[in-house]
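Undergrad: One structure coming up, written as structure tokens, with questions to follow.
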Amino acid sequence: MKRLLSLSLALLVVATLVASCAKDNTGGGDTTAGDTSSAAAETTVADTTKAPETTKAPETTPKETEPETEPNPPEDLIDYESIVNTKKDVTNLVDIESLEWDVEGFNDQEQAPNLFDGDTATKYCCPLPPIFSFKTTEPVKLTAYAHATANDNSQYGRAPEEWIFWASNDGENWVQLDYVQQASQIIERVDYTYYAFLIDEDKQGEYQYYKFEVIEAEGGTTFQMSEFQIFTD
Ligand SMILES: [Ca+2]
50 MKRLLSLSLA LLVVATLVAS CAKDNTGGGD TTAGDTSSAA AETTVADTTK APETTKAPET
110 TPKETEPETE PNPPEDLIDY ESIVNTKKDV TNLVDIESLE WDVEGFNDQE QAPNLFDGDT
170 ATKYCCPLPP IFSFKTTEPV KLTAYAHATA NDNSQYGRAP EEWIFWASND GENWVQLDYV
230 QQASQIIERV DYTYYAFLID EDKQGEYQYY KFEVIEAEGG TTFQMSEFQI FTD
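Residue numbering for the sequence shown follows our numbering, starting at 50 and increasing by one per position.
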């Protein structure tokens, strides 16, 4: 009986010791693991917080510069004849007396009124970058416009390469009807040739003042154009 009691006691002591060891180990483990994971977590959190900050900046920069560098080529080549046949040419509404241009032609025979004489053999030819403006005799909703190359575009590439066509109802507050870059993707080095451009539906509206701003020519520092036309539906 005594033996049994001592064995039981011995077992109890061993059990208590084992339990105590396990507790210590777990406790120690917990502390160590806790410290490590908490440190790791802190590092990870800190890293993750830092990461978006650094990636955010470059992401914003390209987005902001994208519209400036993004090419805005003209629509696919539009058949000029189909525009003439399906739309109404209202170039006769241009009040020639209202025509103004800020860069003088190279001589008296190369001034802006030549744009509206119905003859591709006469042209407006001047140094870049000119703007010409005109008023129509009544407000009109343009859906297309066209311009023609002149006598020696095949040789020098003086047709406009980049331009903005503006419209207004008071001659002071302007809206953009069309903005074209890289026009040489469709305007070839040919002479006396008309090219038509559609005005997007969301840009269309009744206006009476118009302004054509040439930014670049295809081949250098000289701009020329023989005719300018406007169309409505
Ligand atoms: Ca002309």
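Idealized CB from N, CA, C, for every residue including glycine. The structure presented is a predicted model; accordingly, all values stated were derived computationally and were not measured.
Any heavy atom of ligand 1 closer than 6 angstroms to the beta-carbon of glutamate 276?
TA: By 1-based counting over the sequence shown, the position of residue 276 is 227. Yes.
Undergrad: Taking the alpha-carbon of phenylalanine 280 as reference, which of Pro176, Gly220, Gly254 has the nearest alpha-carbon?
TA: Position 231 of the sequence shown, counted from the first residue, corresponds to residue 280. When C-alpha distances from phenylalanine 280 are compared across Pro176, Gly220, Gly254, the shortest belongs to Gly254.
Undergrad: Let me know the secondary structure DSSP gives alanine 208 once reduced to three states.
TA: Translated into the one-based positions of the sequence shown, residue 208 becomes position 159. Note: alanine 208 maps to coil in three-state DSSP.
Undergrad: If contacts are defined as beta-carbon pairs under 8 angstroms, then isoleucine 132 and alanine 195 qualify, I think. What distance do you get, rounded to the angstrom?
TA: Here the question's residue 132 lines up with position 83 in the sequence shown. Here the question's residue 195 lines up with position 146 in the sequence shown. About 7 angstroms separates the two Cβ atoms, so the contact holds.
Undergrad: When you compare only the Cα positions, how much space is there between isoleucine 145 and glutamine 204?
TA: Against the sequence shown, residue 145 aligns to sequence position 96. Against the sequence shown, residue 204 aligns to sequence position 155. In a straight line, the C-alpha of isoleucine 145 is about 30 angstroms away from that of glutamine 204.
Undergrad: Mind checking which residues open and close the alpha helix (DSSP H) that includes threonine 135?
TA: For this step, residue 135 is matched to residue 86 along the sequence shown. Counting along the chain, the alpha helix (DSSP H) containing threonine 135 begins and ends at 129–135.
Undergrad: Do the stretch 177–195 and the stretch 228–236 touch if we need at least three Cβ pairs shorter than 8 angstroms?
TA: no
Undergrad: May I ask you to list the residues that DSSP assigns as paired with valine 229?
TA: For the purposes of this step, residue 229 is identified with residue 180 of the sequence shown, where counting begins at 1. Valine 229 pairs with Trp212.
Undergrad: Would the C-beta of asparagine 200 count as close to ligand 1, meaning under 6 angstroms from any of its heavy atoms?
TA: Counting from 1 along the sequence shown, the entry for residue 200 is found at position 151. Checking the Cβ of asparagine 200 against ligand 1 gives no.
Undergrad: Just to confirm before moving on: does the CB-CB distance between tryptophan 215 and isoleucine 264 stay below 7 angstroms?
TA: As a working note, residue 215 is residue 166 in the sequence shown. As a working note, residue 264 is residue 215 in the sequence shown. No, the pair does not count as a contact, with Cβ atoms beyond the cut-off.
Undergrad: Which term fits valine 239, buried or exposed, when burial requires 16 or more other beta carbons within 10 angstroms of its beta carbon?
TA: The count along the sequence shown starts at 1 and reaches residue 239 at position 190. Result: exposed.
Undergrad: Measuring CA to CA, which of Gln158, Pro209, Asn141 is closest to glycine 167?
TA: The sequence position of residue 167 within the sequence shown is 118, counting from 1. Checked all of Gln158, Pro209, Asn141; the closest Cα to glycine 167 is Asn141.
Undergrad: Assuming lysine 184 is part of the beta strand (DSSP E), what are its boundary residues?
TA: Translated into the one-based positions of the sequence shown, residue 184 becomes position 135. 180–190 is the extent of the beta strand (DSSP E) around lysine 184.
Undergrad: Exposed or buried, which one is asparagine 202 when buried takes at least 16 other CB atoms within 10 Å?
TA: The residue given as residue 202 occupies position 153 in the sequence shown. Its Cβ being crowded by 16 or more others within 10 Å, asparagine 202 is buried.
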